[in-house]
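Engineer: Count the sequence shown with this note's numbering and you get residues 2 to 679, in order. First the structure, then my questions, so here it is.
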Amino acid sequence: MSHDDRKRAIGKVVSVAADRFVVEMHAGTDNFTVVGFDDVHYVARLGSFLMIPSQSEYVVVEVVGLRERDASTPSDRGDFDRAGSSKYLDVVPVGMLPMRGGAFRFGVSVFPSLYADALYALDGELDRIFETEAAVELSVGPDGGVCQPEGATRYRVLPIGKSVVFEDYEVKVRLNEFFGGHVAVLGNTGSGKSCTVASVLQSLFDKPDEHHARGATFIVFDVNGEYHEALAPLAKDGGIGIHRVILDGTTAGFRMPHWFLEMAEWELLLQASERTQLPVLRTALGLTSLFHANTPDALALREHFVATCIIECFRGADGDSPVSKFQRVVSLLQKYPTTDLNMALLNRFSPNFQYGNFSGNNQAAFLDEVRKKLREDAPLPAYNRTPFSFDELHECLDFAILYEEAHGNRQIRDYCSSMVTRLRSLQERTEYAFLRHEGADVGAAVSDLEFLTNIVGLERGVGEAFTKRNQVIIIDLNSVEDEIVELVSAVIARMLFRFLRHAEPRNRFPIHLLLEEAHRYVASTPSRFSIDATKIFERIAKEGRKYGMFVLLASQRPSELSKTVLSQCSNFLVHRIQNPDDLSQIRQMTPFISESVLKRLPSLPRQHALVFGTSVNLPTTFKVREASPRPRSDDTAVVDLWFHEEGRAADIRLAPADAAAAGGEPMAANEAPGDDIF
């Protein structure tokens, strides 16, 4: 050990175990707290670090306990006077640091010997432990060339707050590791989660000079309507765009066509039972696509279905009159005519479409013509999400029921009555207005690509090129219930995931989904609503990294979150947590965090958090950078609002439920009215 190292020794190792050492401090050390860090180094504060020389490296240890013990046995070990020292530090090994430069590595491969010196950490050693590098570096242009303008900089690490152990020491996260994986922000209500999320985004987009983070894409599912106020000021002309759409139960804001839903999502939305209703629903959705297709195979398959249903109409139920059966056939041919099965064919055998002209021989001849269109082993039509109206889906559902009856399932109409009722309810409920498209809306419908490019803030430039218009897209879901939140988040996440999976080149357009109050729709138990959003988010958590899709979830109940999603998070910002179930969940997902660190969580002050994961070398407690402006999540000032003079007007403005925030909110600097395509 060098002479300089001996000068900063504060004690010796008196106990060595695989997971814990004990350091006895030198006699004459009057307190646990300050020894010197530059001018003042903190060496015996919980969470601080000591260096223990071992061969050519230091064993880096974290202080997890301070205690004092009486000692009566004199020592003969020279200047190390045990009788005069009664202060002990409990420390845990966290990693190795080369003595002569080099990178810190997590984990201990060589343990110190008994009576090895314990040293306080120098500034340079702390910088290497935390890998504190310059926050900015020179940007590079396409293919590694010179950027424009030359000399512009970009962030490499992002300051997120100040250390509570080392005063004025900035805690930073490595951008590639932090935003290149899934992130969880956890903590009790009121502990500062929303401010932390807002603060991180403000730090990222507040960069004062070129280059801004123009390539970033954050989709914010804002279930409490609190982020627009904090993020809107980030909008800069030619720099950062902040766009907000409001889902409020009307068609004035956010629109999402119902044919964007996949088969599985329709099945969940209509709660179709697996054995009876599900096959009928699949056939009905396939028919919505079939009746809009014009290929020879589709036309032949359409004639087969129409012919089958015409024959079934004449067979009909025993209680149906011949006239009612005939009228059903007329209705079918009017709605779904084909080249050979149409009203002209019926008119040949029943002039003027009168049942009185439809004698037994005419009916038999007509049915003979119809049977010519039947096909052997006709495949069921495939649902390809061709635009269709809700009225068409109703008709196709009736068509599918007729088709099942034609194949001998005489009770199917009764079995499907509940599903038909749910479909009718879906068509009538005002909160689903954003989903329904009828009449002219269907004809003027946007494509999947148009919808998605708007969602991710792109606008078409010259030719096939797109330019980035908005970096943060806030979907305000404050005015809708959890079932709508679940539906919207699941469908958008699934569509974006598919969009990135088929994008070329791969993994070049990162998208981050910010899931506020994630336990409400990414839950550990099956949803009590129709759509189960957890499934798609679990897939994104497992596979999204390779395609450039990431989740940043915020929740006050980690024990209620999907364990699959939480287990795939590589970085955590944990605020105060007091619930035993939530603390237990964090212990299970962070086995490398010392118990003493976890014990601090119930007593963390507001705006303080523990950060750990791949973006930092060691778990660190820090005070979060102040968010300015703050999200709309401040605590209620009960005393100020309760005690006041008589007659003061209530400080609240009430609006009808259907007037939610539509049209009344200020827009970000780059927003223009009427530019939505939703």
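Quick reminder that beta carbons are idealized off the backbone N, C-alpha and C, glycines included. Here the structure is a predicted model, which is why all the values come from computation and not from measurement.
Label V505 either buried or exposed according to how many other C-beta atoms from any shown protein chain fall within 10 Å of its C-beta, with 16 as the threshold for buried.
Structural biologist: The sequence shown places Glu at residue 505, not Val. E505 is exposed by the Cβ-count criterion.
Engineer: What does the Cβ neighbour count give for G462, buried or exposed, with the cut at 16 atoms within 10 Å?
Structural biologist: By the neighbour-count criterion, in which 16 or more other beta carbons inside 10 Å mark a residue as buried, G462 falls on the exposed side.
Engineer: Per DSSP, T154 is paired with what?
Structural biologist: L139
Engineer: May I ask you to report which of helix, strand or coil DSSP gives C417?
Structural biologist: coil
Engineer: Does any C-beta atom of chain D lie closer than 7 Å to the C-beta of V224?
Structural biologist: Among the chains in the structure shown there is no chain D, since it carries only a single protein chain.
Engineer: Between the Cα of P113 and those of V17, H609, Y156, spot the shortest distance and give me the residue it belongs to.
Structural biologist: Comparing Cα positions, the closest option is V17.
Engineer: At a cut of 8 Å, does the region 394-414 reach the region 447-455 through at least three beta carbon pairs?
Structural biologist: no
Engineer: Among Q608, N618, V575, R607, which has the Cα closest to the Cα of L599?
Structural biologist: Here the closest residue by C-alpha is V575.
Engineer: Which residue or residues does DSSP assign as beta-bridge partners of C570?
Structural biologist: H183
Engineer: Between E132 and G48, what straight-line distance do the alpha-carbon atoms span, to the nearest angstrom?
Structural biologist: The straight-line gap separating the alpha-carbon atoms of E132 and G48 is approximately 17 Å.
Engineer: Check the C-beta distance from S55 over to E69 and give it rounded, since I have them as a contact under 8 Å.
Structural biologist: At roughly 27 Å, the Cβ-Cβ gap does not stay under 8 Å, so S55 and E69 are not in contact.
Engineer: Can you tell me which of Q412, G549, A638, T622 puts its alpha carbon nearest to the alpha carbon of V165?
Structural biologist: Ranking Q412, G549, A638, T622 by Cα distance to V165 puts T622 first.
Engineer: Would you mind sorting Q412 into buried or exposed? The rule is 16 or more other CB atoms within 10 Å of its CB.
Structural biologist: exposed
Engineer: Which residues mark the beginning and the end of the beta strand (DSSP E) in which E63 is found?
Structural biologist: 58-69
Engineer: So, at 8 Å on beta carbons, what are the nonlocal neighbours of V330 in its own chain, with the 5 sequence-adjacent residues on each side left out?
Structural biologist: I311, C314, F315, L347
Engineer: Which residue's Cα is closest to the Cα of G440: E460, V486, P388?
Structural biologist: P388
Engineer: Taking 6 Å as the cut-off, is the beta-carbon of G545 closer than that to any non-hydrogen atom of the ligand GTP?
Structural biologist: Looking at this structure, you won't find the ligand GTP or any other ligand, since it has none at all.
Engineer: Thinking C-alpha only, which one of L288, S351, L375, A466 is nearest F391?
Structural biologist: L288
Engineer: Within 10 angstroms of the Cβ of W1, are there 16 or more other Cβ atoms? Answer buried if so, exposed if not.
Structural biologist: Since the first residue of the chain shown is 2 and the last is 679, residue 1 is not available in this structure.
Engineer: Quick check on S490: does DSSP put it in helix, strand or coil?
Structural biologist: helix
Engineer: So, helix, strand or coil for P99, using DSSP?
Structural biologist: strand
Engineer: Do you know offhand how far V36's Cα is from E168's?
Structural biologist: No answer about V36 holds up, because its pLDDT of 47 lies below 50 and its placement is not dependable.
Engineer: Three or more C-beta pairs closer than 8 Å, one from the region 254-265 and one from the region 429-444: is that the case here?
Structural biologist: Contact between the region 254-265 and the region 429-444 is present, with at least three C-beta pairs closer than 8 Å.
Engineer: The beta strand (DSSP E) with Y121 in it runs from where to where?
Structural biologist: 118-121
Engineer: Report buried or exposed for F107, applying the criterion of at least 16 other Cβ atoms within 10 angstroms of its Cβ.
Structural biologist: The residue in question, F107, is exposed, as its Cβ has fewer than 16 Cβ neighbours within 10 Å.
Engineer: Using the rule of at least 16 other Cβ atoms within 10 Å of the residue's Cβ for burial, across every protein chain shown, is Y170 buried or exposed?
Structural biologist: Note on Y170: 16 or more other CB atoms within 10 angstroms of its CB, so buried under the neighbour-count rule.
Engineer: On the criterion of 16 or more Cβ atoms from any shown chain inside 10 Å, does K685 qualify as buried, or is it exposed?
Structural biologist: Only positions 2 to 679 of the chain appear in this structure, which leaves residue 685 out of reach.
Engineer: For A214, tell me which candidate among R245, L159, T251, D442 has the shortest Cα-Cα distance.
Structural biologist: Of the residues R245, L159, T251, D442, the one whose Cα lies closest to the Cα of A214 is L159.
Engineer: Going straight from the alpha carbon of Q335 to that of T309, what length do you get?
Structural biologist: 16 Å
Engineer: For the candidate residues I475, Q472, T454, whose alpha-carbon lies nearest to that of E465?
Structural biologist: T454
Engineer: By alpha-carbon positions, which one of R21, D5, I53 ends up nearest to K13?
Structural biologist: I53
Engineer: Under the three-state reduction of DSSP, which class applies to G79: helix, strand or coil?
Structural biologist: Note that G79 scores 49 on pLDDT, short of 50, meaning its location in the model is unreliable; the coordinates nonetheless yield the value given after this. Residue state, collapsed to three classes: coil.
Engineer: Which term fits H408, buried or exposed, when burial requires 16 or more other beta carbons within 10 angstroms of its beta carbon?
Structural biologist: Its Cβ having fewer than 16 others within 10 Å, H408 is exposed.
Engineer: Less than 6 Å between C-beta atoms, sequence neighbours within five positions excluded: which residues of the same chain meet that for E304?
Structural biologist: T339, L342, K374
Engineer: Can you check which of these residues, F306, R157, T565, is closest to H520 by C-alpha distance?
Structural biologist: Nearest of F306, R157, T565 to H520, Cα basis: T565.
Engineer: Mind reading off the beta-carbon distance from A610 to I537? Whole number of angstroms is fine, and I expect it under 8 Å.
Structural biologist: Contact flag wrong, Cβ pair sits at about 28 Å.
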